[in-house]
Structures are given as C-alpha cells and as structure tokens.
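Colleague: I have a structure here, written as structure tokens, and I will follow up with some questions on it.
There are 2 protein chains.
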Amino acid sequence: MSIARQGRQPIWQQIADELRAQVVDGTFSAGEQLPTEVELTERYGVARNTIRQAMTALVNEGLVVPRPPRGYFVRDRRPMFYRPQAEFREQPASPEMDRFLMEHSTEGRSPRQTIDVAIEAPPAEVRKRLNLAPDELVVVRKRTRYLDDEPFHTNDSYYRLNLVKDTEIMRPEDVARGVNQVLSEIGYPQTRALDEIYIRMPTPDEARRLDLPPGTPIACHICTGLTDEGVPVRVVVNVLPGDRHVIVYERTKSNNGSDEDR
Amino acid sequence: MSIARQGRQPIWQQIADELRAQVVDGTFSAGEQLPTEVELTERYGVARNTIRQAMTALVNEGLVVPRPPRGYFVRDRRPMFYRPQAEFREQPASPEMDRFLMEHSTEGRSPRQTIDVAIEAPPAEVRKRLNLAPDELVVVRKRTRYLDDEPFHTNDSYYRLNLVKDTEIMRPEDVARGVNQVLSEIGYPQTRALDEIYIRMPTPDEARRLDLPPGTPIACHICTGLTDEGVPVRVVVNVLPGDRHVIVYERTKSNNGSDEDR
DNA sequence: GAGTGGTCTAGACCACGTA
DNA sequence: ACGTGGTCTAGACCACTCG
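Chain order of the listed sequences is A and B.
Each residue of the first sequence is one higher than the one before, counting from 1 in my numbering.
Each residue of the second sequence is one higher than the one before, counting from 1 in my numbering.
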C-alpha cells in the first residue's frame, strides 16, 4: 500500500494526521509503542526522511517521544496540581474543591530537592522587579525539585543582598521557620504578591536542567513578593514543565472575578 | 569556512547554538531577517538538509519564524496581560501594581470578536466539571477575539442547557447586563471559581483557528464557576497563545499564599 | 525570472541498548 | 549481533512572491 499527495496536503502531514488520530482515539494508548520508521516506510511506500518528518511533527506536538534505540512511544501526561496560593491558605475553600484537588495528589511518590545558595548579579527581569540599582547584588536560592528522582520543576528565589545578608536565608538548607517569618523579623513582611505566568518553549539550558523531552513547553511563573507599602522583598522564578503541572487558583467572591462573559 | 563534528555535538546543533546566541545577544534583533539557507550552507560547508535541521530546531523553540518566500525572521513577542481576576476587581489593589499592569496596555490596537452560539454534546472535560449526565446537552458560546484583525485568543463558555434555555445567553450577541447578572436572576449566582491552567502544544485545529506559527505553545485556562453551595454553573475554556499573553494574578494577605520558601 | 523556503528521494554511516 | 532512531549528503522539483 502506498500514499500519494492529493491537493495541498503534504504526504508527511497526511501520515502525521493518521497517526495522531490513532493516538487520540486510543488505537495507540499512553506508553504504547508506535510502528517503527522502517515499518512506516513500507506501509506508506515513501522515503524514510518523509516518515521522519511526520514523526518529528508529532514529537514537537508533545504527543510522542522517541526512545532510541527502542522506537517511538505515546507520551503520557500525569500533571500534578501546582497551587501558588497553597502556603497561606492551607485548606481549600470548600470540600468539593478539596476532593477535586486531592484527585491527583502526590500518591506516594518520593520528593527530593537540591538547594544551592549563591551571591550573584541578578538577571534583568529580577533586577527590574526588585527595583535594584544597576550594580546591586542579590542572594539567590536555586532549587531543583524531584519526584521519584525525576526532575519536577525549578524554583529560584532572589533577595536583596543587603536585606538578608545576616539571616539564615543564606544557608543552603530549608529554613525551618519559613522565609516569610524571617522577612517579618527583619522588618519586611510579605503581605502581597504579583504572579506573572509566561508560556514558552524552554531554553536549551532549561531543557537540560529539567530533562525535558522535545515538545515540552514550560510555564515560567514569576512571583514578586511585596510588603504592604509595595516594597518588593523577593522574586521567585519557577520553571514548570507543562507535562507535569496544572496551575490552580481558587477564587471566591471577595477576590473573585470570573472571566466575565457578556 | 566550514564546520566539523567535534565530540558528541551534532553539526546542526552547533549551528543552531551559534544562531541562537546571536539572536539572544542582539546580533539579530526582533523582526530582523536571518541569513538564507543557501548562505548558511556556504558559510558552514554542509548540505542544505543539515541547515534545515538547525533552522527547524530554532523554529520549534519559538525563536524564529519562516516566512516563505522571504526568509527566516527573528520572532518578536509582545505579550499582553491576561487577568482572570479582572472583572470583579476592576481596579488593581495598589498604584504600583496599576502602573505595572498598564505598561503593556492595549495601546490603541483595535479589538474585535466573533460569537457563535450552539447547542452541543459537551466535551468530556466540560461534562465532568459541570457534573452532567452522560447524554445531557449544553449551550456553548464560542468566541474568537482579535486585535488588529489578528486572532488573539479563544473563549468558549459552556452552560447547562436546561438552566439557560430561555435567557439571552442563547443569543449570539454580547449580554449587556453581563452573564453573571443573568445567572443571578435565574437563581444561580456565581460566587466562586476554580481556575486550572494547562500548558501544552496546540492541536492542529487550535493552531489553525488561532493562526499560530510553529513553536507556539498555549495555555488552556479552564474556569469553573460555582455557586456558594458548590454547584457548577458554567465552564469557560480559554485557549491563550503563549506569544501573546502573560497571565497575571494579584494576591493580598487574605487570599494570599506566596510560593512559600523554606 | 530569480530566489526563497517546502517537499521528497535514495542512499550512507553512526551510537546505543537489548537480546 | 541486530535493529532502532540520529545524522548527513547530494541531488530534484515545487509554489510562492517580489521586483
């Protein structure tokens, strides 16, 4: 059997469409292996490069992952909930939400993290948000979190050096009391925050650090913590692989605003 | 001049790295044209397919966009703020945030939208969130919003058919009073919401509807609106191209929760 | 008509994990 | 040792737009 180009649709796209449909409808289910490249060249009667173009497209859509020298496999997404509001509001607002949120809990996967503390010149996007002088330095706590020894996300917290230089924030361990407590004690309690969420493809560095398969976009969650008076006290940059996270916010009447629809 | 494979690094990757660095450091700035494929084959002394592999990588990273038959150009991102909290809280919590949020305002770009209303069997993710019986139908208002005639995002709102069937929600126009007002009047005021944000590559359908260049991930923002008692009254599915949006949330002490850091 | 990227072919050799 | 995907070559023709 073979395939011909009809109309404007390239052959590789027709092949990709066919395979994608089979993945979506469950002919190939999550984790399952797809036909090999040679099988497909024979089935469709085209050159291997054409097959590769189809497969590359599916890989870049995040639908399929190549695992040489085994073959192509259907990717499975098991995103976990990521809740920026989690720490200050320990409990969800209601039982229904609670149940919902627990559906995909950690489920016995073993967490682990590394912490590196350094003094650095801040990247531009941090300097701007912390309102720093051009040459001012920051303390950064760089974390990579793992689940079952697989990288899960990164979390880099930036602080003004002259604010925190004599506190335990400088130590490469968990701060038992919580960093907010420390900030309060030095006179800069964080009472407000601004979350910005950028959606983009990872840089090669990020892809390496998080061991991201091709076709995995990330959310870059930048959280600026402020005092009541609007003084920025820290900036947290989280890089969240899209295949492992769902970002969740709860809103109630007082702080609400649905995406109003008229 | 030519290039050779050294170590484990493929040639196409070395070329991609070199071009990426030049884009990042401003040698090629946003909107500017990169060298053509033939120029690059000559400069590096490799086959065109090898150059194409490098360019394809940059395209899938979202860094570069091919505009045949002109050449490759550096992509420019001008994301606008997208604020799920916007409607109920008209004003930002403080002047600093206000200034910050206004920095990238609409700036005189002309908005436009299309609205289609239909009665449908809901997709599974909507049926689940609306708590519907397997055969229950929904009313859906599908919107595509444009800025300067370019698609910006989509916004599909789903309602139980038997709830809204005699209201103006069924009409393919803006609801002047606001949909929340209508929901209140029929006895189901929305006072809470749950936002879920999924990060992934677009489906081919989504890419077509939003005219997305390759290498553009999307955020799928699913907002479930609930009454005080936890009855879901509507589900809104927003598809937000990553190159055109930054999602923003503000948090204050009462509803806060920074990404706590210990 | 010239030049661009898009598509496609037919071959070659390689690194790597599994059997 | 075998089979997989990964890399790379050297060609060919196409559709499209611009000058």
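Built from N, CA and C at the ideal position, the CB exists for glycine as well.
1) Within the same chain, show all residues whose beta-carbon is closer than 6 Å to that of A:Pro84, passing over the 5 residues directly before and after it, in chain order.
2) Using the Cα positions of A:Glu42 and A:Ile3, report the straight-line distance between them to the nearest angstrom.
3) Please report how far the alpha carbon of A:Arg67 lies from the alpha carbon of A:Ala57, in whole angstroms.
4) Leaving out five residues on either side along the sequence, give the residues of the same chain with a beta carbon under 8 Å from the beta carbon of A:Asn256.
5) On the DSSP letters alone, give me the boundaries of the beta strand (DSSP E) that B:Gln113 sits inside.
6) Are there 16 or more other CB atoms within 10 angstroms of the CB of B:Thr27, so buried, or fewer, so exposed?
7) Is the shortest distance between the beta-carbon of B:Ile199 and the beta-carbons of chain A less than 8 Å?
8) With 8 Å as the threshold, decide whether the Cβ of A:His104 is near any Cβ in chain B.
9) What residues in its chain sit with their C-beta under 7 Å from that of A:Thr267, if we drop five residues either side in the sequence?
10) Which residues, in order along the region 62 to 79 of chain B, keep a beta-carbon less than 9 Å from a beta-carbon of chain A?
11) Quick one: residues in its chain with C-beta nearer than 7 Å to the C-beta of B:Ala121, no 5 flanking neighbours on either side, listed in chain order?
12) May I ask you to list, following chain order, the residues of the region 241 to 255 of chain A that have a beta carbon less than 9 Å from some beta carbon of chain B?
13) The alpha helix (DSSP H) that contains A:Glu206, what's its start and end?
14) Locate the beta strand (DSSP E) running through B:Tyr158, then write down its first and last residues.
15) Tell me, please, whether the CB atom of B:Gln9 is closer than 8 Å to any CB atom in chain A?
16) Count the other CB atoms, across all protein chains shown, that sit within 10 Å of the CB of A:Glu103; report buried if there are 16 or more and exposed otherwise.
17) Using a cut-off of 9 Å between C-beta atoms, extract the partners of A:Glu196 located in chain B.
18) So B:Ile247 packs on A:Ile197, CB below 8 Å; how close in whole Å?
19) For B:Arg141, tell me which candidate among B:Arg127, B:Glu150, B:Asp174, B:Pro134 has the shortest Cα-Cα distance.
20) Nearest CA to the CA of A:Ile11: which residue from A:Phe73, A:Asp149, A:Asn49?
21) Taking the straight line between their C-alpha atoms, what separation do you get for B:Thr114 and B:Pro79?
22) Just the chain B side, please: which residues come within less than 8 Å of A:Gly31 by C-beta, in chain order?
23) Just mark B:Val38 as buried or exposed, buried being the case when its beta carbon has 16 or more other beta carbons within 10 Å.
24) State the DSSP-derived secondary structure class of A:Lys253, mapped to helix, strand or coil.
25) Would you call the region 199 to 207 of chain A in contact with the region 235 to 247 of chain B, where contact means no fewer than 3 C-beta pairs closer than 8 Å?
26) If the cut is a Cβ gap below 9 Å, which residues of chain A does B:Gln22 touch?
27) At the 8 Å Cβ level, is B:Leu19 part of the contact set with chain A, yes or no?
28) Per DSSP, which one or two residues make a beta bridge with B:Glu196?
29) Hey, does A:Arg192 have any beta-carbon neighbour from chain B nearer than 8 Å?
30) Below 8 Å CB to CB, which residues in the same chain sit around A:Ala47 once its five sequence neighbours on both sides are set aside?
31) Distance cutoff 8 Å, beta carbons only. Does A:Asp259 sit that close to anything in chain B?
32) Starting from A:Thr191 and walking both ways along the alpha helix (DSSP H), at which residues does that stretch end?
33) If we define contact as Cβ-Cβ less than 8 Å, is A:Ala47 a contact residue for chain B?
34) Would you kindly report the start and end of the unbroken alpha helix (DSSP H) that includes A:Met264?
35) Can you say whether A:Ala193 is buried or exposed, counting buried as having 16 or more other CB atoms within 10 angstroms of its CB?
36) Relative to the alpha-carbon of A:Leu183, which residue among A:Tyr158, A:Arg5, A:Pro204, A:Phe152 has its alpha-carbon at the smallest distance?
Modeller: Checking against the coordinates, here is how it stands:
1) Asp195
2) Linking A:Glu42 to A:Ile3 through their CA atoms gives a straight-line distance of about 11 Å.
3) 16 Å
4) Reliability of the predicted coordinates at A:Asn256 is poor, the pLDDT of 42 falling under 50, and no value is obtained from them.
5) 111 to 120
6) That one is exposed.
7) yes
8) Confidence is the limiting factor: at A:His104 the pLDDT is only 45, short of 50, which leaves the residue's position unreliable, though a coordinate-based value still follows. A:His104 does not count as touching chain B.
9) No answer is possible for residue 267 of chain A: the residues shown for chain A start at 1 and end at 262.
10) Gly62, Leu63, Arg77, Pro79
11) Excluding sequence neighbours, B:Ala121 sits near Leu137.
12) Pro241, Gly242, Asp243, His245, Val246, Ile247, Val248, Tyr249, Glu250, Arg251, Thr252, Lys253, Ser254, Asn255
13) Per DSSP, A:Glu206 belongs to the alpha helix (DSSP H) from 204 to 210.
14) 150 to 160
15) no
16) Confidence in A:Glu103 is poor, its pLDDT being 46 and thus under 50, which makes the residue's placement unreliable; the coordinate value appears in the next sentence. Classification of A:Glu103: exposed, given that the 10 Å Cβ count is below 16.
17) Phe81, Val246, Ile247, Val248, Tyr249
18) 4 Å
19) B:Asp174
20) A:Asn49
21) Their Cα atoms are separated by approximately 21 Å.
22) Per Cβ cutoff of 8 Å: no residues; A:Gly31 is ~18 Å from chain B at best.
23) Its Cβ having fewer than 16 others within 10 Å, B:Val38 is exposed.
24) helix
25) yes
26) Those within 9 Å of B:Gln22 in chain A number zero; the least Cβ separation is about 15 Å.
27) Residue contact with chain A for B:Leu19: absent (no Cβ-Cβ distance below 8 Å to any residue of chain A).
28) A:Val248, B:Ile222
29) Yes, A:Arg192 counts as interfacial toward chain B.
30) Thr41
31) With a pLDDT of 44 at A:Asp259, under the threshold of 50, the modelled position of this residue cannot be trusted; read the value that follows with caution. With 8 Å as the cut-off, A:Asp259 counts as an interface residue toward chain B.
32) Per DSSP, A:Thr191 belongs to no alpha helix (DSSP H) and is neither H nor E.
33) With a threshold of 8 Å between beta carbons, A:Ala47 makes no contact with chain B.
34) With chain A represented from 1 up to 262, any question about residue 264 of chain A goes unanswered, as that position is not in the structure.
35) buried
36) A:Tyr158
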